[in-house]
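Going by the numbering used here, the first residue of the sequence shown is number 211, and it counts up by one from there.
To start, the structure itself, in C-alpha cells.
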Amino acid sequence: MATDYDAPRKNEEDQSEESIEELKARRHDKNSGKVDEDETEAAESFELPGADLSHEELAVEVKPKQDDEFTCMSCFLVHHRSQLADEKKMICRDCA
211 MATDYDAPRK NEEDQSEESI EELKARRHDK NSGKVDEDET EAAESFELPG ADLSHEELAV
271 EVKPKQDDEF TCMSCFLVHH RSQLADEKKM ICRDCA
C-alpha cells in the first residue's frame, strides 16, 4: 500500500476515536447475521445417507493388560514393553 507523505497527519485522539467507531461498526456487522440455533436440534435433523446404525449392536472384546504391556503415565495408553522409554516414570517412547 502506498503512503502519501504530503497528506496532513491525524493526531492520536482522532485516530483512537475513529478506531473505536470502526470497531463498534464491525462488531454490529458481525453479529447481525447470527441466528440463535440449538445445535442438538440442527444435528438431529441432519442425516447422512446410509448412516442409520440404530439396529446395529456393537460388540468389543476388552482384554485385560498382559504381562508384557504397561500403561503410560502420560497418555494413559497401553503399550508393549518394547515401547517403554523410562521405566521409573513409566512413559512410552511417544511421550518421552
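For every residue, glycine included, the Cβ atom is placed at its ideal position computed from N, Cα and C.
Buried versus exposed call for F286 [16 or more other C-beta atoms within 10 Å across all chains shown] | exposed
CB of V288 within 8 Å of CB of E279, strictly | yes
Under the three-state reduction of DSSP, which class applies to A261: helix, strand or coil?
-> coil
Assign E267 to one of three DSSP states: helix, strand, or coil.
-> coil
Burial state of I230 (16 or more Cβ within 10 Å) = That one is exposed.
Distance, C302 Cα to L263 Cα = Cα to Cα, the separation comes out at about 36 Å.
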